[in-house]
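K.L.:
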Ligand code: GDP
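In UniProt numbering, the protein residues as written are 1 to 466.
#1: CB of residue 61 to nearest heavy atom of ligand 1: below 7 Å?
#2: Let me know if residue 415 comes out buried or exposed under the rule of 16 or more other beta-carbons within 10 Å of its beta-carbon.
#3: Alpha carbon to alpha carbon, how far is residue 47 from residue 54?
#4: Check whether the Cβ of residue 78 lies closer than 7 Å to any heavy atom of ligand 1, and answer yes or no.
#5: For residue 395, which of helix, strand or coil comes out of DSSP?
#6: Do residue 201 and residue 235 count as a contact pair if the criterion is CB distance below 8 Å?
#7: Is the beta carbon of residue 195 sitting closer than 8 Å to the one on residue 140?
#8: Runs of 4 residues minimum, wholly inside the region 141 to 210: which ones carry the alpha helix (DSSP H) assignment?
#9: So for residue 469, helix, strand or coil by DSSP?
#10: Starting from residue 284 and walking both ways along the beta strand (DSSP E), at which residues does that stretch end?
#11: In whole angstroms, what is the alpha-carbon distance linking residue 437 and residue 411?
#12: Would you mind listing the alpha helix (DSSP H) stretches within the region 54 to 123 that are 4+ residues and don't spill past its ends, in chain order?
#13: At a cut-off of 7 Å, would you count residue 209 as near ligand 1, judging by its Cβ distance to the nearest heavy atom?
#14: Is it buried or exposed, residue 159, if we count other Cβ atoms within 10 angstroms and call 16 or more buried?
#15: Please classify residue 247: does DSSP put it in a helix, a strand, or coil?
#16: What are the boundary residues of the beta strand (DSSP E) that residue 273 is part of?
#17: Indicate whether residue 62 and residue 116 have their beta-carbon atoms separated by less than 8 Å.
#18: DSSP on residue 268, reduced to helix/strand/coil?
#19: So what's residue 320 in DSSP terms, helix, strand or just coil?
#20: Across which residues does DSSP place residue 257 in a beta bridge pair?
#21: With a threshold of 6 Å on Cβ separation, who are the neighbours of residue 265 within its own chain once the five nearest residues in sequence on each side are excluded?
#22: Give a single yes or no on whether residue 120 has its beta carbon closer than 7 Å to a heavy atom of ligand 1.
#23: For ligand 1, I want to know if residue 276 counts as a neighbour, meaning its beta carbon is within less than 7 Å of at least one of the ligand's heavy atoms.
As structure tokens, this is what we get:
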């Protein structure tokens, strides 16, 4: 054991920061094997170089680390990331006018000594900017689940390459709490409660330099009390490993970290440090009396990076995988039941899916039949309405025709009567003219008499009509 530790210590002499991940990984592996029976070998065989072989392989492949930063726009997420890693990460300017929470992720290839790190930083654009923040946590949970899903898909592939696979799963979530206010907001509590079972959650107070030390102390206390009373489980640095137990257990009492971010250099005495300059003095971000940035970096990158990766795999991903597989119909066998058979599970699931499909088909068919019936009924109704309208028009037409016939008949009768009167008048006039030619002397007198007769009047008017 001691020898392995020495080998590893030697291997990593001179490596700092995230390269220490590998050391912790191997110490954990060796500790798990401690309970096994050990035999003394008579001479040096050489398998004690196995950790080094593995380390070399891992170093050659490189590591992935994915950080999710959740917090309001402008709380200092991007600045803190740049401060933590000592380089400026170009980032899209955040806006307060996002319609919904949008997750933006960017990946960077970093290298420290011989250790390569693929770092992915995920930002939550628009978080806390909406009027209704009720659903703000959903896109974050969906993103975390989507990464687990991708990993599971890779695991379930026939041809899988997990060794070279760039792990997309979120290893840590830095939850930024606003320094304004006396404690957590409802949005913070709800979101943290939802995230606790999905990711390693570390609360931090952003822009901690804008409140006084006293206020900061009270804020930290209030936040911890509230997290405790609402049962929000935050990540605890592991204390099982004796090498890091002391530092980790002392830092476990420092939550939440009060951080200040800055990538600017300020002059303090005759040296340049990272900090924020104010008219009344400077805040040095790497000064432990000013803020907890150094503690956070120490815990996150130098001491517990591998534990964060491991917890993601063994706790959060395992939970997701279990639920997903159970949902798919897989289950572990009880000790008293038959042994687990993948074939049987597959068959059972297949049958279940076929049943579901048939059920869906049947309901769709029923829906189609109902729709056809409905349309048929509607068409029949329309046909009936049209028929009624037709009958009504037919009746109207008939009545109109009848009344016109009646009028025609009346007019014909009037015409006949008129013709009869006309004939009578013509006859009278003929007779009168005849009488005139026989008695010329009485002409004027008879003429007078004739014009006084009513039939003569009607004759005149009849002629005029014609
Ligand atoms: P993000 O939207 O959360 O990524 O916020 P940014 O990192 O872009 O920071 C928004 C503004 O706050 C910038 O002007 C930063 O200079 C400033 N800022 C960032 N961190 C701090 C901090 O710790 N203290 C103070 N006072 N300002 C900060």
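Even glycine gets a Cβ: it sits at the ideal position worked out from N, Cα and C.
P.N.:
Reading it off the structure:
#1: no
#2: exposed
#3: 11 Å
#4: yes
#5: helix
#6: yes
#7: yes
#8: 186 to 195
#9: A query on residue 469 cannot be resolved here, the shown segment of the chain reaching from 1 to 466 and no further.
#10: 281 to 284
#11: 39 Å
#12: 77 to 85
#13: yes
#14: exposed
#15: helix
#16: 271 to 278
#17: yes
#18: strand
#19: helix
#20: 204
#21: 272
#22: no
#23: yes
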